[in-house]
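Let me begin by presenting the structure, written as structure tokens, before commenting on it.
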Amino acid sequence: MDTGTLAAAVAAVGATGGLAAWAGAHAGRARAREAEAHARDASEELARRVASAREASAVQDLILDAMQEGVLLFDVDQDTAFANAALERHLGSRPSSIAQLYPLDVREMVRGVITASQPATVEVERSAPPRWLRVTATPAGEGAALVVVTDITESRRIEAVRRDFVANASHELKTPAASIQAAAETLRSVVDHDPDAAPRFAVQLEREALRLSRIVADLLDLSRLESGSELNERIRLDAIVREEAERYVEQAREASIELTVQTPEPVAVRGAARDLSLLVRNLIDNAIRYTAPGGAVSVSVSVSPGASGEVTLAVGDTGVGIPARDLPRVFERFYRVDRARSRETGGTGLGLAIVRHVAENHGGSVSVKSEIGNGSTFTVRLPDAGHRRSASTAEMG
Ligand code: ADP
């Protein structure tokens, strides 16, 4: 007991003349202090709870705002109780109530969900910007509803590309298959009635079978490349270029095309040798096929100037060129500028799609510059894996 309390006690004893009165006053103060301490504890606890609730709600807001899906909650009065940032992005605005919800199909669906107390989903197209949205509504009790909006534009696009691809591939395979069937049937009948004509149909049979197997081989390469390339080898791209160009020396000579290869320095990239060979082969093959006799094809590989960390492979020709309007599409599967020429020269329409896949799988890109009648240059850029040694230049053809 401190001196103040003792003095108060003495005064109390003096004032009332009794110990009981002093004891009563003392107990009352103790209770008051206890109550005060309780109140302080309770208010500290409350402050802690409020802070932690604020923190939890801030975390929730953070999560909901970071979500790709739009989230929208309507309360029992059909007013908006909550909408995250993605919701506004997907729908273009934040509806204040169900009555303000657009597109109309979505509004009707949400109303139906509240009435039927059953979840439902619709897919709707928005025009500006053009997007496809999947909207799912779930009853949230007593007339409330939770709406989740997912952007499915990209998955729809991929689905459409796959559908087109299957349709195109079937069509491409159907043509040689039908020719093979027709040639085989004719061959069977001419063997008896006109044996001299037989070799002609046998040649046709062989040509179409070869075409079919080329398409199948390219399709298999494409499907393998779709699951990526193994990038664990360190590859001398200059050596691959020389090796692949060597295969075309004879073909170029026969077509009276001058084939030049320039590999002035060792160039290393990280990747898959088989896939890079395929890329180089397809570009050289095209350059020769789309160049008239007397023309030239030049292949070069070098480290890009500057500190870009890139290597460049360029395959140029003085051939037919590609019209400007077709340039953005030549890397698509089965896209051909001149269908007849592609077919005549044994094309499958898949070569440049393979080139693009290989370049992208290796963290690079491919581009083309072309002028109709003056030729084309395809340029592949790949990340440099460094380490250069002595220079060498080779001329072929
Ligand atoms: P294809 O087997 O038909 O050659 P590609 O995918 O290799 O298929 O090329 C697609 C189309 O791009 C070709 O059909 C052709 O029209 C055009 N093309 C490709 N390379 C060249 C080139 N070097 N010169 C002119 N046109 C080309």
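Just add 258 to the spot in the sequence shown (first one is 1) and you have this note's numbering. Here a beta-carbon is modelled for each residue, glycine too, at the ideal position from N, C-alpha and C.
Any non-hydrogen atom of the ligand ADP within 7 Å of residue i CB
{"i": "Ile580", "result": "yes"}
{"i": "Arg594", "result": "yes"}
{"i": "Gly399", "result": "no"}
{"i": "Thr433", "result": "no"}
{"i": "Leu610", "result": "yes"}
{"i": "Asn426", "result": "no"}
{"i": "Asp575", "result": "yes"}
{"i": "Thr518", "result": "no"}
{"i": "Gly607", "result": "yes"}
{"i": "Val569", "result": "no"}
{"i": "Tyr506", "result": "no"}
{"i": "Ser315", "result": "no"}
{"i": "Tyr360", "result": "no"}
{"i": "Ala572", "result": "no"}
{"i": "Val588", "result": "yes"}
{"i": "Ala460", "result": "no"}
{"i": "Ser562", "result": "no"}
{"i": "Ser535", "result": "no"}
{"i": "Ala513", "result": "no"}
{"i": "Ala503", "result": "no"}
{"i": "Ser634", "result": "yes"}
{"i": "Ala545", "result": "yes"}
{"i": "Ser556", "result": "no"}
{"i": "Ser471", "result": "no"}
{"i": "Ser481", "result": "no"}
{"i": "Ser625", "result": "no"}
{"i": "Asn490", "result": "no"}
{"i": "Ser600", "result": "yes"}
{"i": "Asn540", "result": "yes"}
Residue range of the unbroken beta strand (DSSP E) whose run includes residue i
{"i": "Ala554", "result": "554-561"}
{"i": "Gln520", "result": "516-520"}
For residue i: DSSP bridge partner residues
{"i": "Gly328", "result": "Val407"}
{"i": "Lys627", "result": "Thr635"}
{"i": "Ile493", "result": "Val527"}
{"i": "Asp337", "result": "Ser355"}
{"i": "Leu640", "result": "Val569"}
Bounding residues of the alpha helix (DSSP H) (the contiguous stretch that carries residue i)
{"i": "Glu484", "result": "456-484"}
{"i": "Ala344", "result": "343-349"}
{"i": "Glu508", "result": "507-512"}
{"i": "Leu362", "result": "362-374"}
{"i": "Leu585", "result": "No alpha helix (DSSP H) holds Leu585; DSSP gives it neither H nor E."}
Which of helix, strand or coil DSSP assigns to residue i
{"i": "Gly574", "result": "strand"}
{"i": "Val448", "result": "helix"}
{"i": "Arg392", "result": "strand"}
{"i": "Glu383", "result": "strand"}
{"i": "Pro397", "result": "strand"}
{"i": "Ala378", "result": "strand"}
{"i": "Leu304", "result": "helix"}
{"i": "Val613", "result": "helix"}
{"i": "Ser413", "result": "helix"}
{"i": "Arg594", "result": "coil"}
{"i": "Ala288", "result": "helix"}
{"i": "Ala550", "result": "coil"}
{"i": "Leu431", "result": "helix"}
{"i": "Ser487", "result": "coil"}
{"i": "His296", "result": "helix"}
{"i": "Leu322", "result": "helix"}
{"i": "Leu541", "result": "helix"}
{"i": "Ala402", "result": "coil"}
{"i": "Leu536", "result": "helix"}
{"i": "Thr274", "result": "Bear in mind that the predicted position of Thr274 carries a pLDDT of just 45, short of 50, making it unreliable; the figure below should be weighed with that in mind. Three-state DSSP puts Thr274 in a helix."}
Whole-angstrom C-beta distance between residue j and residue i, which should lie under 8 Å
{"i": "Tyr593", "j": "Asp575", "result": "Contact doesn't hold; Cβ gap of about 19 Å is too wide."}
{"i": "Asp543", "j": "Thr521", "result": "No, Asp543 and Thr521 are not in contact; Cβ-Cβ is about 19 Å, not under 8 Å."}
{"i": "Gly552", "j": "Gly633", "result": "The pair is not a contact, with the Cβ atoms about 12 Å apart (cut-off 8 Å)."}
{"i": "Gly328", "j": "Leu349", "result": "7 Å"}
{"i": "Arg614", "j": "Glu568", "result": "That belief does not hold up - the Cβ atoms of Arg614 and Glu568 are roughly 17 Å apart, past 8 Å."}
{"i": "Asp533", "j": "Ser566", "result": "In fact, because the Cβ distance is near 22 Å, the residues do not count as touching under 8 Å."}
{"i": "Glu464", "j": "Ser437", "result": "Between Ser437 and Glu464 the Cβ distance is about 11 Å, and since that is not below 8 Å, they are no contact."}
{"i": "Pro581", "j": "Val595", "result": "7 Å"}
{"i": "Ser530", "j": "Arg492", "result": "A small fix is needed here, since residue 530 is Ala in this sequence, not Ser. No, Ala530 and Arg492 are not in contact; Cβ-Cβ is about 11 Å, not under 8 Å."}
{"i": "Leu571", "j": "Val559", "result": "5 Å"}
{"i": "Ser355", "j": "Thr373", "result": "Their Cβ separation, rounded to whole angstroms, is 16 Å, which puts Ser355 and Thr373 out of contact at 8 Å."}
{"i": "Gly604", "j": "Arg500", "result": "So it is not a contact: roughly 24 Å between Cβ atoms."}
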